[in-house]
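A.B. asks: For the record, in the sequence shown the residue sitting at position 358 is 351 according to our numbering, with numbers rising by one throughout.
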Amino acid sequence: MARESESGLPIEPVYGPESLAGWDPAERLGEPGGYPFTRGVYASMYTGRPWTMRQYAGFGTATESNARYQQLIANGTTGLSVAFDLPTQMGHDSDAPLAHGEVGKVGVAIDSIEDMRVLFDGIPLDRVSTSMTINAPAALLLLLYQLVGEEQGVPADKLTGTIQNDVLKEYIARGTYIFPPKPSLRLTADIFAYCRAEIPKWNTISISGYHMAEAGASPAQEIAFTLADGIQYVRTAIEAGMDVDDFAPRLSFFFVARTTILEEVAKFRAARRIWARVMREEFGAKNPKSQMLRFHTQTAGVQLTAQQPEVNLVRVAVQGLAAVLGGTQSLHTNSFDEAIALPTDKSARLALRTQQVLAYETDVTATVDPFAGSYVVERMTDDVEAAALDLMAKVEELGGAVSAIERGFQKTEIEKNAYRIALETDSGERTVVGVNRFKLDEEEPYEPLRVDPAIEARQAERLAALRATRDQPAVDQALAVLRKAAQGTDNVLYPMREALRLRATVGEVCNALREVWGTYVPTDAF
């Protein structure tokens, strides 16, 4: 009897040559580093060097997060990945009423250039690649990073990294949006243009399926809705007057890696193939780098359990292996205790060591695309691709990603799948080790890392001191210039940068834009 994959597609007990009848390897596979990039975006993949090992970190104050970054770098991390607290993600200062109780809780609190300066103190920005998980206020955090780089003497053209900057998925799955879709897309286009002129090595967007997967999306839904968002961003940039090959090489993606290794490998391969064809056939991209789907992967936080948390070490290792076999460009492995609280120093180090074991103690880096030609993986790649294309066609029928979002289509589809998973788990049809099978009568005690609640008061004191010592008339004038740019068609990042340089806060800059663009209010479900 056939099982079903996470996407609801059949998995046969045995696959053979008949599974690929009429299948043309040259068309479906190509060569590693060549169109349609099914086998990977680079010819040598990990045989030359392993993927970038990132560890997502940030909590409390900039000082505390800086200390964690220094430890990660000392332990062999090759790229930083910054987590911001909810007030920062929503464009509120730490002393705003809406920020109460959330300061420093799920990431680091960044209110101004002074916090950003502390966050990267002693970290050479010309030698470290930094990814920042920030969306609606992504432009602000990028500009603060650039300004801190200038203070270090690092020219903007030497900075490397990524801002997530994917606000469309916020409307679908995550909810940390600020502005309505139209001005949000205008801001995205401004970021593309600004980085092309000012920070050319920066990846201007990480189009994210990870958060959709965490909300319950199946693998097929994850890549379908992510690539549909990507198409919307490309259309927006082209409509703003940019040539596709001027910005598309700096686009990147962000996916989850689940414990279901075979389907995850198939998912990554299918996503590369779909994107390559869309970019070449729909948008006429001629530069091969514009056709490449480069992506970061994070292991599946939603699959980690608070029960028997040490079992998460096994889950994370399996998930990390799936990402590597699928050809990821960078990887974050979750810490085993993240279902309970913020990771401790020890658990964060163990998560990094998991990647290092995969890279240096296994043979998966010895050859490119180890599963190429596998009957099951190639068939599953085709099946996931077909399911994803069907969903993408439905999004197009609704008028594209934004129109579908406004009608609640993607959100509803993801919620249906999440409900299916919950029912299967509750009934025992889906096994979750330690939760509905192989349980303990009594869980072992665990002492989590906790954030000091006094951080909120200390951040408020820093803000009060900042406002008392800055040139307030100059800040007011800079914010007025920003509002004027937002009302017109000028690129808003230039006046935004000057306001931040003068020590305007994240909340003040976002409030200036709120006055012009308004805020987003979600609509009813599809």
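Backbone N, C-alpha and C define an ideal beta-carbon position, used for all residues, glycine too. Just so we're clear, the structure is a prediction, and the values are computed from it rather than from any experiment.
1. Does Gly53 pass the burial test, meaning 16 or more other C-beta atoms within 10 Å, or should it be called exposed?
2. Can you tell me which of Gly392, Ala497 and Ala14 puts its alpha carbon nearest to the alpha carbon of Thr462?
3. Is Asp445 buried or exposed, if buried means 16 or more other CB atoms sit within 10 Å of its CB?
4. For Pro174, I'd like the list of residues in its chain whose CB is within less than 6 Å of its CB, leaving aside the five on either flank, ordered along the chain.
5. Report the rounded CA-to-CA distance for Thr252 versus Ala344, giving the unit in angstroms.
6. Figure out for me which residue from Leu506, Ala397, Val485 and Thr516 has the closest Cα to the Cα of Phe185.
7. Answer with buried or exposed for Glu154, where buried requires no fewer than 16 other C-beta atoms within 10 angstroms of its C-beta.
8. Between the alpha carbons of Thr290 and Pro43, how many angstroms are there, rounded?
9. Count the other C-beta atoms from every protein chain shown that fall within 10 angstroms of the C-beta of Ser122, then say buried if there are 16 or more, exposed otherwise.
10. Looking only at its own chain, which residues have a Cβ that is under 8 Å from the Cβ of Gln300, when we skip the five neighbours before and after it?
11. Kindly indicate which residue of Tyr164, Ala(-5), Asp104 and Leu118 has the alpha-carbon position closest to the one of Arg400.
12. Could you give the uninterrupted runs of the alpha helix (DSSP H) lying entirely in the stretch 454 to 494, keeping only those of 4 residues or more?
13. Exposed or buried, what is His85 when buried is set at 16 or more other beta-carbons lying within 10 Å of its beta-carbon?
14. Would you be able to state if there are at least three C-beta pairs under 8 Å between the stretch 197 to 211 and the stretch 240 to 248?
15. Rounded to the nearest angstrom, how far is the Cβ of Ile156 from that of Met125, given a contact under 8 Å?
16. Quick check on the DSSP output: the beta strand (DSSP E) that includes His289 runs from which residue to which?
17. What are the complete beta strand (DSSP E) segments, minimum 3 residues, inside the stretch 418 to 447?
18. Among Ile66, Ser12, Thr31 and Ala89, which residue has its Cα nearest to the Cα of Val499?
19. Val258 and Val370 look like a contact to me (Cβ under 8 Å); what is the Cβ gap, rounded to whole Å?
20. Kindly indicate which three-state DSSP category Phe519 falls into: helix, strand or coil?
21. Just reading off the beta strand (DSSP E) that Phe261 is part of, what are its end residues?
22. Does DSSP put His204 in a helix, a strand or coil?
23. According to DSSP, is Val249 part of a helix, a strand, or is it coil?
24. Does any residue of chain D have a CB that is nearer than 8 Å to the CB of Asp464?
25. Which same chain residues end up closer than 8 Å to Gln48 when comparing Cβ atoms and leaving out the 5 residues on each side of it in sequence?
26. I need the straight-line Cα distance from Ala397 to Pro6, nearest angstrom please.
27. On the DSSP letters alone, give me the boundaries of the alpha helix (DSSP H) that Gly313 sits inside.
28. Between the C-alpha atoms of Ile127 and Ser12, what's the straight-line distance to the nearest angstrom?
29. Whole angstroms is fine: what's the gap from Trp510's alpha carbon to Asp239's?
30. Who does Ser199 pair with in a DSSP beta bridge?
31. Could you tell me the distance, in whole angstroms, from the CA atom of Glu508 to the CA atom of Arg476?
32. Pick out whichever of Gly94, Ala19, Thr181 and Tyr39 has its Cα sitting closest to the Cα of Ala447.
33. Have a look at Ala129, Ser58 and Gly115 and flag the residue whose alpha-carbon is nearest the alpha-carbon of Gly100.
34. Enumerated in chain order, which unbroken segments of the alpha helix (DSSP H) with a length of 4 residues or greater are wholly contained in the stretch 82 to 129?
35. Count the other CB atoms, across all protein chains shown, that sit within 10 Å of the CB of Asp108; report buried if there are 16 or more and exposed otherwise.
C.D. replies: On the basis of the supplied data:
1. buried
2. Ala497
3. exposed
4. Cβ neighbours of Pro174 beyond the five flanking positions: Val395.
5. 16 Å
6. Val485
7. Contrary to the premise, residue 154 reads as Gly rather than Glu in this sequence. Buried: at least 16 other Cβ atoms inside 10 Å.
8. When rounded, the distance between both Cα atoms is 14 Å.
9. buried
10. Gly427, Val428, Lys432, Leu433 and Glu436
11. Tyr164
12. 465 to 480 and 486 to 494
13. His85 should be labelled buried.
14. yes
15. Contact flag correct, Cβ pair sits at about 5 Å.
16. Residue range Phe288 to Thr292 is occupied by the beta strand (DSSP E) that includes His289.
17. You should have found no qualifying run.
18. Ala89
19. Confirmed, Cβ separation roughly 6 Å.
20. Per-residue confidence for Phe519 stands at a pLDDT of 49, beneath the threshold of 50, marking its modelled position as unreliable; the derived number appears in the next sentence. Reduced to three states, the DSSP call for Phe519 is coil.
21. Segment Ile254 to Arg270 is the alpha helix (DSSP H) holding Phe261; no beta strand (DSSP E) there.
22. DSSP places His204 in the helix class (H, G or I) of the three-state scheme.
23. Looking at Val249 - three-state DSSP - the assignment turns out to be strand.
24. Going by chain labels, chain D is absent from the structure shown, which holds only one protein chain.
25. Leu65, Thr70, Leu73, Ser74, His325, Thr326, Ala341, Ala344 and Leu345
26. 37 Å
27. Asn305 to Leu318
28. 43 Å
29. 28 Å
30. Ser245
31. Across the structure, Glu508 and Arg476 are spaced so that their CA atoms are roughly 8 Å apart.
32. When only C-alpha atoms are compared, the closest one is Gly94.
33. Ser58
34. Complete alpha helix (DSSP H) runs here, min 4: 106 to 112.
35. Asp108 comes out buried.
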